[in-house]
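K.L.:
If you read the sequence shown in this note's numbering, its first letter stands for residue -4, the second for the next number, and so on.
Backbone N, C-alpha and C fix where the C-beta goes; we use that ideal spot for every residue, glycine too.
Bear in mind that the values here come from a model prediction, so they are computed numbers and not experimental data.
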Amino acid sequence: MLKIGITGNIGSGKTTISKIFEVLDIPVFYADDAAKRAMVEDEILIDAIKSAFGSDAYFADKTLNRKHIADIVFNNDSELAKLNSLVHPAVFRAFDIWVDSMSDKAPYVVKEAALLFESNSYKMCNYSLLVTAPFELRAQRVMQRDGLSRSEIESREARQFSEEKKTQLANYIIRNDDTTLVIPQVLALHEQFLALAAK
């Protein structure tokens, strides 16, 4: 099964690109959604989070105490790194199981992950695709979409690899800069991926 990783920094439009692949009947695994599910379903991860962040990390009904976690990891890079080091392996496990379930349903699959390179999960994929756009454009999109301040966006941007570094690591690039049409770019890559999957 050919696996394509899709990533991009905040506001790049990686989810939009992933949705276009879904329209083409290509299954997409959304790593952020899988992480949220794993934090309340994966018993190994739940136990690890309780050990690392205390029993208050979960409410009595087994739902995640997001405020408790956020208060610990917000503006604390070492605690955030600790949380990521627990969550990423759980997402890897979920991805492996999901890929197995898709083996006869599509010629290839897509994994959408904000931290594809930072978590090293690009190594679980055959190829990686980076969605890029200039920072100013991405910041405007996120301010309109999520109501975040510029400083909040810059803070999130600083926690990820730079676009320059990701460009060096990526096998393919889609420019989502409002000057180049994205659908023809996706269709062209889709044809390439179909050819690679058929080999």
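Whole angstroms is fine: what's the gap from Glu147's alpha carbon to Gly6's?
P.N.:
Counting from one through the sequence shown, the residue named residue 147 turns up at place 152. Counting from one through the sequence shown, the residue named residue 6 turns up at place 11. Taking the straight line joining both Cα atoms gives about 13 Å.
K.L.:
Give the single residue among Thr127, Arg32 and Thr58 whose Cα lies nearest to the Cα of Arg88.
P.N.:
For the purposes of this step, residue 88 is taken as residue 93 along the sequence shown, with counting starting at 1. For Arg88, the nearest C-alpha among the options comes from Arg32.
K.L.:
Considering just the uninterrupted stretch of the beta strand (DSSP E) at Ser150, what are its terminal residues?
P.N.:
What you label residue 150 is simply residue 155 of the sequence shown in a count that begins at 1. Unbroken run through Ser150 is the alpha helix (DSSP H), Arg145 to Ala153; no beta strand (DSSP E).
K.L.:
Run the CB neighbour count on Leu78, radius 10 Å, all protein chains shown included, and call it buried at 16 or more, exposed below.
P.N.:
For the purposes of this step, residue 78 is taken as residue 83 along the sequence shown, with counting starting at 1. Leu78 is buried by the Cβ-count criterion.
K.L.:
Just the Cα atoms here: how many angstroms apart are Thr11 and Glu36?
P.N.:
For the purposes of this step, residue 11 is taken as the residue at position 16 of the sequence shown. For the purposes of this step, residue 36 is taken as the residue at position 41 of the sequence shown. Computed Cα separation, rounded: 27 Å.
K.L.:
Which ranges does the beta strand (DSSP E) cover as unbroken runs of at least 3 residues, wholly within the region 19 to 104, from first to last along the chain?
P.N.:
Here the runs fully enclosed are 23 to 25.
K.L.:
Under a three-way DSSP split, which group does Leu111 fall into?
P.N.:
Here the question's residue 111 lines up with position 116 in the sequence shown. DSSP places Leu111 in coil when its eight states are reduced to three.
K.L.:
Taking all protein chains shown into account, decide if Thr175 is buried (16 or more other Cβ within 10 angstroms of its Cβ) or exposed.
P.N.:
Within the sequence shown, residue 175 is the residue found at index 180, counting from 1. The residue in question, Thr175, is exposed, as its Cβ has fewer than 16 Cβ neighbours within 10 Å.
K.L.:
Which class does Ile5 belong to by DSSP, given the choice of helix, strand or coil?
P.N.:
Stepping through the sequence shown from its first residue, residue 5 is reached at position 10. In this structure, Ile5 counts as coil in the three-state DSSP scheme.
K.L.:
In its own chain, which residues sit with a C-beta less than 6 Å from the C-beta of Leu143, not counting the 5 before and 5 after it?
P.N.:
Translated into positions along the sequence shown, residue 143 becomes position 148. Counting only Cβ-Cβ distances below 6 Å, and skipping sequence neighbours, we find Val137.
K.L.:
Is the CB-CB distance between Phe188 and Leu(-3) below 8 Å?
P.N.:
On the sequence shown, position 193 is the one that residue 188 refers to. On the sequence shown, position 2 is the one that residue -3 refers to. Result yes, Cβ atoms of Phe188 and Leu(-3) sit closer than 8 Å.
K.L.:
Could you pull the start and end residues of the beta strand (DSSP E) that Leu125 belongs to?
P.N.:
Position 130 of the sequence shown holds residue 125. It spans Tyr122 to Thr127 - the beta strand (DSSP E) in which Leu125 sits, taken as one unbroken run.
K.L.:
Please determine if the region 41 to 55 and the region 120 to 133 are in contact, where contact requires at least 3 C-beta pairs separated by less than 8 Å.
P.N.:
Counting Cβ pairs under 8 Å, fewer than three are found: no touch.
K.L.:
In the DSSP assignment, find the unbroken alpha helix (DSSP H) run with Leu182 in it and report its ends.
P.N.:
To locate residue 182, count along the sequence shown from 1; it is residue 187. Residues Val177 to Ala193.
K.L.:
In angstroms with no decimal places, state the Cα-to-Cα distance between Asn171 and Leu125.
P.N.:
Here residue 171 is taken as the residue at index 176 of the sequence shown, counted from 1. Here residue 125 is taken as the residue at index 130 of the sequence shown, counted from 1. Using only the alpha carbons, I get a separation of about 10 Å.
K.L.:
Can you check which of these residues, Ser114, Phe69 and Leu40, is closest to Leu81 by C-alpha distance?
P.N.:
As a position in the sequence shown, residue 81 is number 86, starting the count at 1. It is Leu40.
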